[in-house]
Every structure is written in C-alpha cells, then in structure tokens.
Amino acid sequence: MITLLPPRPMVAAWRPAALLALCAVPACASFQSPSAEQAPLNLAGSAVMVNSVDCSADGTVVTAGCVEGARGVQGIVLRSADRGTSWQRVPLDPPAPGVSLSLVRIPGGSAPGALFASGYRVGASLFDGQLASSYPNAPWWIAKDGGLAWRGADAPMPLYATPDPSRRMPAVVVGDRSGTLVSVHDHPEPGMLGSDRVVVIRSDAGGRHWTERVLPQLAGDANIVGDGQGQLAVTGRGREAGAILWSGDAGVTWAEARVPPPVSADLRLYRNPDGTLFAWDTTGFEWHGMSTHLHRSGDGGRSWSLPMTFRLGPILAMTGSGDGRVLALTASGVVLVSDDRGLHWHGSARRLVPRDDIDEATMIASGDGVVVATLDRGRIIRSTDWGESWSAARMQAAVAGP
128 MITLLPPRPM
138 VAAWRPAALL
148 ALCAVPACAS
158 FQSPSAEQAP
168 LNLAGSAVMV
178 NSVDCSADGT
188 VVTAGCVEGA
198 RGVQGIVLRS
208 ADRGTSWQRV
218 PLDPPAPGVS
228 LSLVRIPGGS
238 APGALFASGY
248 RVGASLFDGQ
258 LASSYPNAPW
268 WIAKDGGLAW
278 RGADAPMPLY
288 ATPDPSRRMP
298 AVVVGDRSGT
308 LVSVHDHPEP
318 GMLGSDRVVV
328 IRSDAGGRHW
338 TERVLPQLAG
348 DANIVGDGQG
358 QLAVTGRGRE
368 AGAILWSGDA
378 GVTWAEARVP
388 PPVSADLRLY
398 RNPDGTLFAW
408 DTTGFEWHGM
418 STHLHRSGDG
428 GRSWSLPMTF
438 RLGPILAMTG
448 SGDGRVLALT
458 ASGVVLVSDD
468 RGLHWHGSAR
478 RLVPRDDIDE
488 ATMIASGDGV
498 VVATLDRGRI
508 IRSTDWGESW
518 SAARMQAAVA
528 GP
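Residue numbers (this note's numbering): 128 to 529.
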C-alpha cells in the first residue's frame, strides 16, 4: 500500500496518470486498469438506470430505477440474493409506467424498518421528461417477502414535486430514543421557477403527521444523517458558502457547525456505522492543486476537522463498517481506504474500479468485505475484498415483471 501525500502547490488533473505521479509508481507501462469496462446493465436490450441501492441485514441487496423500452419508461426494482453477484427484476403491483423509482427505508412508523419505493413521474420517455419544468411525486410501493414482491402502499412521508427528474428520495432517520422521524427535502419556492429551498420534516407520531421547517442556509441537494440519540447533521448546496447544520434535539433547533476552510458550496454527508461523520465536496474545486476534500467529525457533526486533501477528483460515494473501516470512491475510479475511522487513508494504483471517469456513484457494504457499487446509474459492480478487485454484475435469465 502507498500512503497518499499531503497537499502540494501545483495543479494536476485527476486521471490515473496523475495518480501515478502522486503515488510514484515506477513505470506507467506496469499500470493497467483492472479488467475492461463492462457494458451497462440491461433488460432485453434496454439500458437500466439505477437510482439507489439498499442492503438488508440478511445480505439481500435491492436497487430501484427505471428502464426505457418499447413500452416507454417503466419504474423497476432489481433484487440480488447473493450480495450483488446476480440480479433479477421483481414485480411491482401495480406497475410503475412513466416513473423513475428510488428506495427509502423508514426506520419507524407502522412498519418499522420497512423498505419503500417511490419517486417522480418523468413521462412516457426520458427525453419527454427533460422538457418538463416540474415532476410530480409518484405513488408508493412497499417490499413484501424480503423484496421478492412489491405492493402499493400509503405514503409513509410527504414527497414534494421536483424540477430535477434524476433526484433520489431523501433518507429518513430516527432522531431520538422516542422514535422521532426526521428527513430533509428539496422543496421549490412557491411561485419561483428554478428556485429550491430545503425543509426539514419531523414526525413524532410514527409518520402519521409531519411538520416542516425551512433551513434558509441551504438551496438544495440536501442530505441528513443521525445517531438516533438526538444528534443530527444536514448539508447540501449552500446559498453562498458551504454549510453543515447541526441539531442536538432531534431537529427542533438547528445551528451552523464549525467547518474549517477551504470548504465548497456543495457538500454531502456520510455516517459510518462506527459513528464517525464525513463531509465532502461534489464540485471538484481545487485548493493547492488538490481536488479531493474530506472533512471528518467525531462528535456527531458539531465540529469538523481541517479537510484532508488528495489529487484524485471529487469523492462520489462512501461506505464502511462498524470496526472503523471506511471506503471512499473518487471520480478517477480510485478507492481510498481507512482502517482507523478516517484518520489516515491509503490507496494503491491497483485499487481501482473498472472505469476511470465517473460522474455519479453509490456504494454499500453488505458484510464480510463485500461491497456493491453503482457507477453512473447504469453499471453495477461488486467487490469481495473491500475494493481491491471488482467484477461486473449479471442479470439472471429469468426476468420477472412486465
């Protein structure tokens, strides 16, 4: 393994060639990307767009998204019973024509821990969807029989219309020991085209009733994490500068956390199972030639470290385990690893996903070193050794659903 170096006052692109220079690999000829890039996942020749991924306690992995075929856009759910090796489409009742789906797990309410699917109505085709100015929310489905089937369900929380058809549903977290549910949503300003605001919604009635509060510091792309003991952190796209908001009372009141500069105006959050929080920029801004910036918090989001910086491009996704291991996937395809809750990071020229120019990704750890990742919403890959090597997922021959 090669320890990544501290910032240098120089600018470099975040492609594998720059990584080689940074890590001082002796010869470029000895560097090879691990396996050829696989084709996008498809159903009967139609490319699948994956919006979100979820892993249950038994290792079952589920993704949701849409596929555009002869009958137009269809919302779909895929399920893997072998921790991401192979995937099969599962039926939705009723079907989801014209809908782009994503997943959300509701940790409380009438069905604690239930996995739901919903999203936005994008129209008969993805091209048509690009022409609309607003996309209404879709109906809801709930997983049955471990995700083998999905049935129509009552809405477990509010879901607002969106100007962005690719938007995923926000997460719901338990705010405190009494079971308060909290989420954050992008909510367009009334009467103002193209202007978002961020609202926190809370329910102390098991999801039956919700209240909302605007967070004026944020303009969109909000995400939330919490410890279930009252501490919550929220960030997103700031109106002027990057902002992380912290609450110690399950979202009743909020204050800006102290985040040392440099910090971008567009941040994302991840909470590792060991309780450590991480914030990273999504814009790829450079500071002293470094394009990867990662802040760390050990107190639930109240205070944050100076950013750790690397020359690898923006971080796109993070995952980890309760023993302090953390993985971060960068836009250059490099997977960074920490074994001490993010205090130190290492990588190598071999630790790459089979794609070196990534715009979007999700990652989830499903136990025993198995990691499932989606790349640019169209490819699903899998690692069994914490990101050292990767293989492409495959669709099973028998495909359920319409």
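Glycine included, each C-beta is placed from N, C-alpha and C at the ideal position.
Treat the numbers as computed from the prediction; the structure is a model and nothing was measured.
Return the CA-CA distance between residue i and residue j, expressed in angstroms with no decimal places.
i: Ala519; j: Asp486; result: 18 Å
i: Ala288; j: Asp313; result: 9 Å
i: Ala368; j: Tyr262; result: 28 Å
i: Trp373; j: Pro292; result: 29 Å
i: Gly425; j: Trp431; result: 8 Å
i: Ser157; j: Thr457; result: Confidence at Ser157 is low in this model, with a pLDDT of 25, below 50, so the placement of that residue is unreliable and no value is reported for it.
i: Val204; j: Gly449; result: 28 Å
i: Leu396; j: Asp220; result: 34 Å
i: Val217; j: Met284; result: 24 Å
i: Gly378; j: Val309; result: 7 Å
i: Ile442; j: Gly474; result: 14 Å
i: Arg210; j: Arg506; result: 15 Å
i: Val194; j: Ser227; result: 8 Å
i: Ala276; j: Pro387; result: 47 Å
From the options, pick the residue whose C-alpha is nearest to that of residue i; which is it?
i: Ser330; options: Asp209, Ala280, Pro315 and Asp303; result: Asp303
i: Leu286; options: Asp503, Ala265, Gly211 and Ser293; result: Ala265
i: Gly350; options: Arg335, Gln356 and Asp408; result: According to the sequence displayed, residue 350 carries Asn and not Gly. Looking at the Cα atoms, Asp408 is the closest of the given residues.
i: Glu316; options: Phe405, Leu345 and Gly375; result: Leu345
i: Gln356; options: Val301, Thr362, Ile328 and Ala370; result: Val301
i: Ser418; options: Gly425, Phe437 and Gly333; result: Phe437
i: Gly240; options: Arg206, Asp209 and Cys182; result: Cys182
i: Ser516; options: Asp323, Thr489, Leu479 and Ser173; result: Leu479
i: Leu404; options: Pro434, Ala332, Tyr247 and Gly235; result: Pro434
i: Thr532; options: Met176, Gly196 and His471; result: What is shown of the chain runs 128 to 529, which leaves residue 532 out entirely.
i: Asp467; options: Leu275, Gln215, Arg429 and Arg423; result: Arg423
i: Gly333; options: Gly235, Ala377, Asp401 and Ser310; result: Gly235
i: Ala492; options: Val461, Asp503 and Met445; result: Met445
i: Gly306; options: Asp376, Phe243 and Pro297; result: Asp376
i: Pro389; options: Ala406, Asp401 and Thr380; result: Ala406
Between which residues of its own chain and residue i is the CB-CB distance below 6 Å, once the five residues before and five after are set aside?
i: Arg521; result: Ser213
i: Val453; result: Asn399, Gly447, Ser465 and Gly469
i: Lys271; result: Arg278
i: Val326; result: His312, His314, Glu339 and Val341
Cutting at 7 Å between CB atoms, please list the residues of its own chain near residue i, excluding the five before and the five after it.
i: Gly494; result: Gly186
i: Gly199; result: Pro224, Gly225, Ala251 and Ser252
i: Ala208; result: Thr187
i: Gly353; result: Val300, Val301, Gly302, Val309 and Leu359
Please list, in chain order, all residues of the same chain as residue i whose beta carbon is under 8 Å from its beta carbon, the five residues on each side excluded.
i: Trp513; result: Arg452, Leu454, Val464, Gly496 and Val498
i: Ala382; result: Leu372, Trp373 and Ser374
i: Gly365; result: Gln344, Leu345, Ala346, Ala392, Asp393 and Leu394
i: Met296; result: Ser179, Ser229, Leu230, Val231, Ser245, Gly246 and Leu286
i: Gly274; result: Ser183, Thr187, Val189, Val204, Arg206, Val217 and Leu242
Given that a residue counts as buried once 16 or more other Cβ atoms are within 10 Å of its Cβ, and exposed if not, what is residue i?
i: His336; result: exposed
i: Ala370; result: buried
i: Thr362; result: buried
i: Thr501; result: buried
i: His420; result: buried
i: Thr489; result: buried
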